[in-house]
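**Q** Got a structure for you, questions after.
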Amino acid sequence: MAGIGWRLERLIHRGISGAAAAYATGAAVMALPWVLTTAVLISLPAVIGRDRADLATGGIVVNVAYAVALLVAGPVQIVVSRYAADRLYERHLWAIAAPFCRGLAATFVICVVAAGLTLLALDLPLRIILWGAALSAAVGAQWTALSVGNGLCSPGLVLGAVGAGWALSFFLAALLVAVAGLGLPEYLFGLISGQTLTLVILLVGIFRALPDEADERARLLPAFRDYAALAGAGLAFNASLWVDKLIAWTLVGGEAAAFHAGASTIAWFSTIPCLAWIFVEVETTFHRRFQGFYLSLEEGASLMELRRGGRALVDEAARLLRGAASVQGGVTGFLLLAAEPLARWLGLPPGAILPYRLLLVAAGAQALGLLGLILLYYFDLRREACLAATGVFLGVAAFTVAASRSGLPPSVGTLLGCYLGAVLTWHRVFRGLRAVLKHTLLGQPFGAERRGRAERRQPIR
1 MAGIGWRLER
11 LIHRGISGAA
21 AAYATGAAVM
31 ALPWVLTTAV
41 LISLPAVIGR
51 DRADLATGGI
61 VVNVAYAVAL
71 LVAGPVQIVV
81 SRYAADRLYE
91 RHLWAIAAPF
101 CRGLAATFVI
111 CVVAAGLTLL
121 ALDLPLRIIL
131 WGAALSAAVG
141 AQWTALSVGN
151 GLCSPGLVLG
161 AVGAGWALSF
171 FLAALLVAVA
181 GLGLPEYLFG
191 LISGQTLTLV
201 ILLVGIFRAL
211 PDEADERARL
221 LPAFRDYAAL
231 AGAGLAFNAS
241 LWVDKLIAWT
251 LVGGEAAAFH
261 AGASTIAWFS
271 TIPCLAWIFV
281 EVETTFHRRF
291 QGFYLSLEEG
301 ASLMELRRGG
311 RALVDEAARL
321 LRGAASVQGG
331 VTGFLLLAAE
341 PLARWLGLPP
351 GAILPYRLLL
361 VAAGAQALGL
371 LGLILLYYFD
381 LRREACLAAT
391 GVFLGVAAFT
401 VAASRSGLPP
411 SVGTLLGCYL
421 GAVLTWHRVF
431 RGLRAVLKHT
441 LLGQPFGAER
451 RGRAERRQPI
461 R
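Residue numbers (UniProt numbering): 1 to 461.
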């Protein structure tokens, strides 16, 4: 998101505490959906109780609510955040508020309808359906606000909003159920309260960063046409995170599918350090190199200078890939060695260790593939991003089906699909970067006016 890089750099220059805050912001922005989903699911037995009938129903409702918020509302979040980033880059801040509000309203409606229909199809009580739909709407709206707020608000506000909402969710849910002895609806009310608090704090920060006067004529619908490929890429990538679990439950079922789903959820925690590193590096070092290339283009640099800048972008992308692979490799290697002690500490059966190890490697490959998609977004290679994300989804689905039908653990197929998807994504990244100069020059309108050096180098604050 354009606009946050200078804030992150200022934090990093403050020392260890500032760097910790910068990387914590990256973790919150990049990994919040999975962290929240996992934390809620893990806390269910402790809060509701293992012997209560509400435990199974609660797991279904939470899974549906968060899955709808991630899958169905994900494309809306991508379009809204990209629209806001473009207006921020153009310094047309007055054109953000009205389309953002419409996008937020669309997220509410989409999540309520999709989650409600899904829970209704599962034949749950009407009261539970309403609470589940409300939870999905609150979560979807919160993530939409986060996708915009991470570029407009300070990292401290983003972290404070996420932390306050998380604390209220679990404290209130535990208080109402474990202490007061109430049921599942009250537990869901506690979760909704925390998500709503985060949403309110983010909205306050966003509207404080925007001018008082807003352009009510600014429209969001054209952005859905312009960024349809990016929305499709987001939907395909998010779906790739869930499709292997659905296939495992459908084709394998029983204990093997449960091991696969649980191991996949835990394995994704291993990507948090890598995702935080990716966020900070992309928004600081890479963004400076990216911005410098286009500033040189608009200021009339020679063809030789532009070619040198294009090669520098390829080198920078390779540096990002090596750095992310190093961070993820270190975390994955440690967790692979610690898999058996960790399983004993968590009380997991021995049969869960192999799927967990395979899915650790798969999660790392998927994180590297996500970095490739982010770079394709950066260079506006929308079609390439959509094809890459679709390839990841189809690869995970096809290999998981093949592994399940051949008697292998579903995690074998997931690993192969994630690895192949990451390789193909990075092939598209380097192919697109090598042609970025040609595509940029061909995309310039004839007779386009160049902005002055002083004007273009003004920071966005």
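By construction, the Cβ of each residue, glycine as well, lies at the ideal position given by its N, Cα and C atoms.
Quick one: complete beta strand (DSSP E) runs, 3+ long, within the segment 63-107?
**A** Segments of the beta strand (DSSP E) lying fully in the segment 63-107: there are none.
**Q** According to DSSP, is W242 part of a helix, a strand, or is it coil?
**A** Reduced to three states, the DSSP call for W242 is coil.
**Q** Starting from the N-terminal side, write out each stretch of the alpha helix (DSSP H) that is 4 residues or longer and does not extend beyond the segment 366-443.
**A** The segment 366-443 contains these whole alpha helix (DSSP H) runs: 382-405, 410-434 and 436-442.
**Q** Please classify R456 as buried or exposed, where buried requires at least 16 neighbouring CB atoms within 10 angstroms.
**A** At R456, the pLDDT of 45 sits below 50, so the modelled position is not reliable; the number obtained from the coordinates is stated separately. The residue in question, R456, is exposed, as its Cβ has fewer than 16 Cβ neighbours within 10 Å.
**Q** Rounded to whole angstroms, what's the CA-CA distance from A114 to V72? Just pull it up for me.
**A** C-alpha separation (whole angstroms): 8 Å.
**Q** Out of E305, G333, A95 and P155, state which residue places its alpha-carbon closest to the alpha-carbon of F293.
**A** Closest option to F293, Cα to Cα, is E305.
**Q** Would you give the residue range spanned by the alpha helix (DSSP H) that P222 belongs to?
**A** From DSSP, the alpha helix (DSSP H) with P222 extends over L221 to D226.
**Q** To the nearest angstrom, report how far apart A141 and W131 are at their CA atoms.
**A** Their Cα atoms are separated by approximately 15 Å.
**Q** Out of curiosity, what's the CA-to-CA distance linking L246 and D215?
**A** Approximately 44 Å, taken between the alpha carbons.
**Q** Out of C386, F393, L202 and L359, point me to the one whose CA is closest to V412's CA.
**A** Of the listed residues, the one whose Cα sits closest to V412 is L359.
**Q** If the criterion is Cβ atoms closer than 7 Å, does the pair E101 and A69 meet it?
**A** Per the sequence shown, residue 101 should be read as Cys rather than Glu. No, the Cβ-Cβ distance between C101 and A69 is not below 7 Å.
**Q** Please classify P355 as buried or exposed, where buried requires at least 16 other C-beta atoms within 10 Å of its C-beta.
**A** P355 should be labelled buried.
**Q** Out of D212, V204, F171 and P211, which one is the CA nearest neighbour of I192?
**A** The candidate whose alpha carbon is nearest that of I192 is F171.
**Q** In this structure, does DSSP put C153 in helix, strand or coil?
**A** Residue state, collapsed to three classes: coil.
**Q** Throw me the rounded Cβ distance for the V327 and P409 pair, which I believe falls under 8 Å.
**A** About 27 Å; that fails the 8 Å criterion.
**Q** Tell me whether the beta-carbon of S404 lies closer than 7 Å to the beta-carbon of L241.
**A** No. Outside cutoff.
**Q** For L342, name the three-state secondary structure that DSSP assigns.
**A** Residue state, collapsed to three classes: helix.
**Q** State the DSSP-derived secondary structure class of S147, mapped to helix, strand or coil.
**A** Reduced to three states, the DSSP call for S147 is helix.
**Q** In whole angstroms, what is the alpha-carbon distance linking R322 and V392?
**A** Using only the alpha carbons, I get a separation of about 20 Å.
**Q** Measuring straight from C-alpha to C-alpha, what distance separates G452 and A317?
**A** In this predicted model, G452 has a pLDDT of only 49, less than 50, meaning its place in the structure is not dependable enough to derive any value.
**Q** For chain D, find out if any of its Cβ atoms is closer than 7 Å to the Cβ of A114; answer yes or no.
**A** You won't find chain D in this structure, because it holds only one protein chain.
**Q** Helix, strand or coil for E298? Go by DSSP, reduced to three states.
**A** Residue state, collapsed to three classes: helix.
**Q** Starting from the C-beta of R289, find all residues in its chain whose C-beta is less than 7 Å away, skip the five residues before and the five after it, and write them out in chain order.
**A** Counting only Cβ-Cβ distances below 7 Å, and skipping sequence neighbours, we find A312, L313 and E316.
**Q** Please state if the CB of R431 and the CB of Y227 are separated by a distance shorter than 7 Å.
**A** Contact flag unset, no.
**Q** When the distance is taken between beta carbons, is G194 closer than 7 Å to L157?
**A** Taking 7 Å as the Cβ cut-off, L157 and G194 do not qualify as a contacting pair.
**Q** Whole angstroms is fine: what's the gap from R91's alpha carbon to E384's?
**A** Spanning the two alpha carbons is a distance of roughly 28 Å.
**Q** Please name the residue in S154, I206, A367 and A98 whose C-alpha comes closest to that of A145.
**A** That would be I206, whose Cα lies nearest to the Cα of A145.
**Q** Under 8 Å: do the segment 415-432 and the segment 362-378 share three or more Cβ pairs, one atom per stretch?
**A** Flag = yes, the segment 415-432 and the segment 362-378 touch.
**Q** R308 to V436, Cα distance in whole Å?
**A** Using only the alpha carbons, I get a separation of about 12 Å.
**Q** Where R127 and G59 are concerned, what is the direct C-alpha to C-alpha distance, given to the nearest angstrom?
**A** Distance between the alpha carbons of R127 and G59: 16 Å.
**Q** Do you know offhand how far V429's Cα is from L371's?
**A** In a straight line, the C-alpha of V429 is about 10 Å away from that of L371.
**Q** Under the three-state reduction of DSSP, which class applies to W277: helix, strand or coil?
**A** Three-state result, W277: helix.
**Q** Put P185 into one of helix, strand or coil per three-state DSSP.
**A** In this structure, P185 counts as helix in the three-state DSSP scheme.
**Q** Tell whether a beta-carbon distance below 7 Å holds between V76 and A97.
**A** No, these two residues do not count as a Cβ contact at 7 Å.
**Q** Looking at C-alpha atoms only, which residue of V401, S406, L373 and A397 is the closest neighbour of H427?
**A** Minimum Cα distance to H427 is reached at L373.
**Q** Hey, out of L184, A138, S264 and A239, whose CA is closest to L199's CA?
**A** Checking every option, the nearest Cα to that of L199 belongs to A138.
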